[in-house]
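Undergrad: Would you mind keeping the following structure in view while I ask a few things?
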């Protein structure tokens with residue numbers, strides 16, 4: 028069999044789009060690269076790289092500058108870098124007691140970021156959407172109008188249908204069957220796509236691209252504040268499940284005779300390791316939230332036996348649940364995010380003991396447990412990554428339509 | 028960018044190999060297909076299909092026959108079918124109290140199958156390898172010498188490194204760090220590749236290709252006899268984990284204060300739902316194995332309250348663990364294999380209640396629970412599928428080397 032002449036034109040266009048995507052993804056993930064490095068990373072020829080970089084430069088997505096010689100023989104290879112203002116996204120995050128908004132440029136540069144606490148009981152859908160629209164307007168107002176907005180991403184502590192940002196359940200916000208994606212698109216009055224996903228999934232994505240998981244392909248990200256969520260990366264791809272609901276690790280049953288959970292079940296992992304459990308064990312009101320947890324950590328640092336015992340117990344339950352997940356998923360890396368990143372020094376001991384006892388030796392030997400590198404902003408930065416996904420997958424659409432970004436929303 | 032002339036030769040060969048693979052996979056999965064159906068399923072042109080079928084026919088892998096007209100206008104499209112004797116594999120299975128061997132032809136035709144019980148305590152590595160070699164010789168002796176053997180696959184109830192068939196742990200067989208793949212290759216005296224994998228993973232593969240999971244892309248297969256294992260299919264692919272150890276669902280902790288498990292932990296799911304747990308609940312010796320379980324099912328059918336209560340309790344624990352897995356993995360289909368397939372009618376009620384109570388509604392609404400379609404032979408048939416994998420991935424190697432199959436072992 029040979030490839031017919033008429034195939035080549037079509038394939039050539041498909042290949043061009045895939046190659047533009049490969050170049051933008053490399054620059055987005057790794058930062059500025061020389062043309063030689065792009066040749067090595069993409070497997071494309073030097074002349075193909077030159078042509079594609081030219082297209083991306085014409086579209087305002089990349090700039091080139093002479094590179095230093097670095098002691099190598101031969102002509103220095105120009106350094107290619109993304110123009111962070113050439114494509115920006117709005118990233119949003121909804122927590123039970125805080126919201127956040129950021130403007131992030133292609134390549135991951137955070138231009139603006141605002142996080143504001145909200146009193147409990149102000150998390151109705153209407154309040155939340157209005158507050159987020161105000162916060163987004165604030166961060167946008169600080170940027171020049173020449174920024175080219177290409178997408179909006181939002182992280183929410185709930186169970187989200189990826190296709191349309193429909194939140195079927197967010198027990199800690201008190202939401203059920205909420206069309207969050209559509210409501211945000213309306214309130215923000217933007218014509219670019221608005222994507223919504225679970226905060227733990229997005230935290231995992233951000234840690235994988237820019238944090239503790241860079242270069243890893245099998246990662247379990249566990250994130251907690253009030254609720255506990257998980258983001259699973261398998262073979263380098265997010266494990267989303269049949270309908271996008273996978274990763275609800277906080278609702279594994281770990282204690283059949285345990286406490287009632289907000290989801291309606293009993294003895295969920297969240298009831299033993301969530302923020303409320305830690306606060307109750309430490310003798311603080313369950314509603315004291317992040318500030319209460321910070322106080323428990325301070326007390327532990329000062330040697331409080333009550334605080335240390337509470338953290339020890341949470342650590343043991345953390346290890347028990349993680350052992351089950353190690354046996355089921357065989358990850359190489361476990362990243363402790365949110366609350367668990369902050370208490371990492373106090374829980375890693377009992378956590379490790381429980382993992383050693385309960386995980387199968389073959390899987391246990393291969394897995395490392397580390398705190399998240401991006402701290403409290405992991406999910407917000409993941410929302411930015413989500414918002415960039417359409418551009419990364421097919422930059423050719425943006426190259427072709429530089430002057431008419433509004434059209435993209437209807438594509 | 029355009030495709031250079033020198034690229035086309037290489038791509039053409041790569042494309043040819045991929046196309047041969049696509050055709051053989053379609054015929055292997057779906058049975059005889061007309062040339063027109065192959066055109067529709069592979070997206071290849073009619074003339075490309077004709078050429079590739081010719082190559083496969085010359086290699087003795089497929090035959091063509093005139094198709095009936097089926098009331099359609101136009102010339103009938105010839106029906107293409109695999110020659111089951113054109114490529115056969117030896118499939119092996121190692122259970123605690125039984126072993127099995129089969130000869131399976133390309134396309135899944137089972138030519139020969141033998142399963143023999145073994146007394147407990149006869150499952151040392153040496154005994155097992157010798158017994159399997161004898162059983163394999165028996166089933167081979169019934170086939171003509173013209174059969175072209177292309178691979179050996181083995182299913183074992185243990186934790187297996189796929190790369191070389193090294194069994195790091197098979198607690199119910201009492202094995203640790205056993206080079207099973209190498210030992211089988213030596214004892215069988217074959218020159219074709221010998222592949223080994225976990226029995227539940229292989230049960231899942233077989234149910235996906237030929238059983239209850241045909242057409243599904245997100246499947247959780249749970250298999251149990253003495254131990255409990257799982258095979259996970261995500262986006263149509265097996266979830267193997269970082270090192271091939273994923274799917275050890277029997278060692279999720281479901282009861283932190285429960286019974287000691289053979290793996291060294293406490294309260295593993297296996298201790299509540301495995302064959303031993305059911306037998307103990309029903310007042311029978313844990314060692315009575317498959318025959319004991321069959322007796323419990325017979326007693327339940329006859330109305331024994333003890334047997335029904337034992338099955339009810341196993342059903343509740345089954346539902347509890349499955350709910351955790353539904354929340355973590357969001358599968359579309361759960362297939363109950365082995366022991367769980369046989370007790371399905373007695374456990375589905377309490378199982379469903381526990382699932383309803385503990386799985387998150389969004390994921391719960393989408394998942395169905397069905398008994399395995401392949402019964403006791405699922406893992407053995409999966410071992411055959413594993414053994415065919417190298418041929419399915421690149422039939423061109425076999426097309427080119429028909430007369431020298433022995434060379435393949437060293438490729």
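Chains as they are written, first to last, in the working numbering: chain A, 28 to 438; chain B, 28 to 438. We put the beta carbon where it would ideally sit given N, CA and C, even for glycine.
Thinking C-beta only, is residue 282 (chain B) closer than 9 Å to residue 258 (chain B)?
TA: Residue 258 (chain B) sits at position 231 when you count from the first residue of the second chain. Residue 282 (chain B) sits at position 255 when you count from the first residue of the second chain. No, Cβ-Cβ distance for residue 258 (chain B) and residue 282 (chain B) is not below 9 Å.
Undergrad: For chain B, is any of its Cβ atoms less than 9 Å away from the one on residue 394 (chain A)?
TA: The residue you call residue 394 (chain A) lines up with position 367 of the first chain. For residue 394 (chain A), the answer is yes, since a Cβ of chain B falls inside 9 Å of its Cβ.
Undergrad: Does any C-beta atom of chain A lie closer than 9 Å to the C-beta of residue 33 (chain B)?
TA: As a first step, residue 33 (chain B) must be located in the second chain, where it is residue number 6. Unreliable positioning characterises residue 33 (chain B) in this predicted model, as indicated by a pLDDT of 47, which lies under 50. A coordinate reading is not provided.
Undergrad: Please compile the residues from chain A whose C-beta is within a distance smaller than 7 Å of the C-beta of residue 385 (chain B).
TA: As a working note, residue 385 (chain B) is residue 358 in the second chain. The contacting residues are 280 and 292.
Undergrad: What runs of the beta strand (DSSP E), each 3 residues or longer, lie entirely inside the stretch 194 to 238 of chain A?
TA: Entirely contained in the stretch 194 to 238 of chain A, the beta strand (DSSP E) runs reaching 3 residues are, in chain order, 202 to 205 and 221 to 225.
Undergrad: Could you check where the beta strand (DSSP E) with residue 144 (chain A) kicks off and where it finishes?
TA: Residue 144 (chain A) sits at position 117 when you count from the first residue of the first chain. Where residue 144 (chain A) is concerned, the enclosing beta strand (DSSP E) stretches over 137 to 144.
Undergrad: Please identify, using Cβ separations under 8 Å, the residues of the stretch 352 to 385 of chain A that lie next to chain B, in order along the chain.
TA: The stretch 352 to 385 of chain A vs chain B, Cβ under 8 Å: 352, 354, 355, 356, 357, 358, 359, 384 and 385.
Undergrad: Would you be able to state if there are at least three C-beta pairs under 8 Å between the stretch 280 to 294 of chain B and the stretch 334 to 341 of chain B?
TA: No, because fewer than three Cβ pairs between the stretch 334 to 341 of chain B and the stretch 280 to 294 of chain B fall closer than 8 Å, the two stretches do not touch.
Undergrad: Less than 9 Å between CB atoms is the rule here; does residue 188 (chain B) satisfy it with respect to chain A?
TA: As a first step, residue 188 (chain B) is located in the second chain; it is residue number 161 there, counting from the start. For residue 188 (chain B), the answer is yes, since a Cβ of chain A falls inside 9 Å of its Cβ.
Undergrad: Based on the DSSP secondary-structure assignment, which residues constitute the bridge partners of residue 130 (chain B)?
TA: Translated into positions along the second chain, residue 130 (chain B) becomes position 103. DSSP, once it has assigned bridges, lists B:117 and B:139 as partnering residue 130 (chain B).
Undergrad: Residue 21 (chain B) and residue 118 (chain B): beta carbons closer than 9 Å?
TA: Missing from the structure shown is residue 21 (chain B); chain B here goes from 28 to 438 and no further.
Undergrad: Where do the N-terminal and C-terminal ends of the beta strand (DSSP E) with residue 123 (chain B) fall, by residue?
TA: By 1-based counting over the second chain, the position of residue 123 (chain B) is 96. Here residue 123 (chain B) belongs to no beta strand (DSSP E), and DSSP marks it neither H nor E.
Undergrad: Any C-beta of chain A within less than 9 Å: which residues of the stretch 256 to 271 of chain B qualify?
TA: Taking 9 Å as the Cβ-Cβ cut-off against chain A, the residues of the stretch 256 to 271 of chain B that qualify are 257, 259, 261, 262, 264, 266, 267, 268, 269, 270 and 271.
Undergrad: Between which residues of its own chain and residue 323 (chain B) is the CB-CB distance below 6 Å, once the five residues before and five after are set aside?
TA: Locating residue 323 (chain B) in the second chain gives position 296, counting from the first residue. The residues are 309 and 334.
Undergrad: Does any residue of chain A have a CB that is nearer than 9 Å to the CB of residue 121 (chain B)?
TA: By one-based count along the second chain, residue 121 (chain B) stands at place 94. No, residue 121 (chain B) does not count as interfacial toward chain A.
Undergrad: Counting contacts by CB-CB distance shorter than 9 Å, is residue 244 (chain A) in contact with chain B?
TA: Your numbering for residue 244 (chain A) matches position 217 in the first chain. So yes, residue 244 (chain A) belongs to the interface.
Undergrad: For residue 180 (chain A), which beta-bridge partners are listed by DSSP?
TA: Taking the first chain and counting its residues from 1, the one referred to as residue 180 (chain A) is at position 153. Residue 180 (chain A) is bridged to A:118 and A:222.
Undergrad: Report yes or no: do three or more beta-carbon pairs, one from the stretch 121 to 141 of chain B and one from the stretch 179 to 186 of chain B, lie closer than 8 Å?
TA: Yes, since at least three Cβ pairs between the stretch 121 to 141 of chain B and the stretch 179 to 186 of chain B fall closer than 8 Å, the two stretches touch.
Undergrad: With a Cβ-Cβ cutoff of 9 Å, do residue 244 (chain A) and residue 351 (chain B) count as a contact?
TA: Taking the first chain and counting its residues from 1, the one referred to as residue 244 (chain A) is at position 217. Taking the second chain and counting its residues from 1, the one referred to as residue 351 (chain B) is at position 324. The answer is no: Cβ separation not under 9 Å.
Undergrad: Apart from the five residues just before and just after residue 359 (chain A), which ones in its own chain have a Cβ nearer than 8 Å to its Cβ?
TA: The residue labelled residue 359 (chain A) in the question sits at position 332 within the first chain. For residue 359 (chain A), where only same-chain residues beyond five positions count, the Cβ hits under 8 Å are 243, 244, 245, 246, 393, 394 and 395.
Undergrad: Using the C-alpha atoms, what's the distance from residue 420 (chain A) back to residue 436 (chain A)?
TA: As a first step, residue 436 (chain A) is located in the first chain; it is residue number 409 there, counting from the start. As a first step, residue 420 (chain A) is located in the first chain; it is residue number 393 there, counting from the start. With a pLDDT of only 37 at residue 436 (chain A), under the threshold of 50, the placement of this residue in the model should not be trusted, and no figure is reported.
Undergrad: Under the assumption that residue 7 (chain B) contacts residue 342 (chain B) (Cβ atoms under 8 Å), give the Cβ distance between them as a whole number of angstroms.
TA: The shown model of chain B, from 28 to 438, leaves out residue 7 (chain B), and the question about it has no answer.
Undergrad: Chain B beta carbons: is any one of them nearer than 9 Å to that of residue 48 (chain A)?
TA: Taking the first residue of the first chain as 1, we reach residue 48 (chain A) at position 21. Output row for residue 48 (chain A): interface = no.
Undergrad: Using 8 Å for Cβ pairs, my map puts residue 158 (chain B) next to residue 130 (chain B). What's the rounded Cβ distance?
TA: Position 131 of the second chain holds residue 158 (chain B). Position 103 of the second chain holds residue 130 (chain B). Not quite, the Cβ-Cβ distance comes to about 17 Å (not below 8 Å), so this is no contact.
Undergrad: List the residues of chain A that residue 91 (chain B) touches, going by C-beta distances under 7 Å, in chain order.
TA: Mapped onto the second chain, residue 91 (chain B) falls at position 64. In chain order: nothing, as chain A lies at least about 18 Å away.
Undergrad: Tell me whether residue 254 (chain B) sits in a helix, a strand or coil according to DSSP, three-state version.
TA: Counted from its first residue, the second chain places residue 254 (chain B) at position 227. Coil.
Undergrad: Count the other C-beta atoms from every protein chain shown that fall within 10 angstroms of the C-beta of residue 327 (chain A), then say buried if there are 16 or more, exposed otherwise.
TA: Working through the first chain from its first residue, we reach residue 327 (chain A) at position 300. Buried, by the Cβ-count rule.
Undergrad: Counting Cβ pairs closer than 8 Å, one from the stretch 377 to 391 of chain A and one from the stretch 271 to 279 of chain B, do we hit at least three?
TA: Enough Cβ pairs lie closer than 8 Å, so yes.
Undergrad: With DSSP run on the structure shown, which of helix, strand or coil describes residue 275 (chain A)?
TA: For the purposes of this step, residue 275 (chain A) is identified with residue 248 of the first chain, where counting begins at 1. If DSSP states are grouped into helix, strand and coil, residue 275 (chain A) belongs with coil.
Undergrad: Nearest chain B C-beta to residue 128 (chain A) closer than 9 Å, yes or no?
TA: The sequence position of residue 128 (chain A) within the first chain is 101, counting from 1. No, because no Cβ of chain B sits closer than 9 Å to the Cβ of residue 128 (chain A).
Undergrad: What residues from chain B crowd round residue 117 (chain A), counting only those whose CB sits closer than 9 Å?
TA: Numbered from 1 along the first chain, position 90 holds the residue referred to as residue 117 (chain A). Under the 9 Å cutoff, chain B gives no residues; its nearest Cβ is about 27 Å from residue 117 (chain A).
Undergrad: With 9 Å as the threshold, decide whether the Cβ of residue 275 (chain A) is near any Cβ in chain B.
TA: What you label residue 275 (chain A) is simply residue 248 of the first chain in a count that begins at 1. At least one chain B Cβ lies under 9 Å of residue 275 (chain A).
Undergrad: Sorted by chain position, which residues of the same chain lie with C-beta nearer than 7 Å to residue 142 (chain B)'s C-beta, five sequence neighbours on each side aside?
TA: In the second chain, counting from the first residue as 1, residue 142 (chain B) sits at position 115. Cβ within range, chain order: 125 and 127.
Undergrad: Restricting to runs no shorter than 3 residues, where is the beta strand (DSSP E) found entirely within the stretch 37 to 97 of chain A?
TA: Entirely contained in the stretch 37 to 97 of chain A, the beta strand (DSSP E) runs reaching 3 residues are, in chain order, 89 to 92.
Undergrad: Where does residue 280 (chain A) fall in DSSP's three states?
TA: Residue 280 (chain A) sits at position 253 when you count from the first residue of the first chain. Strand, per DSSP.
Undergrad: If we call anything under 9 Å between Cβ atoms a contact, is residue 83 (chain A) one with residue 152 (chain A)?
TA: Counted from its first residue, the first chain places residue 83 (chain A) at position 56. Counted from its first residue, the first chain places residue 152 (chain A) at position 125. No.
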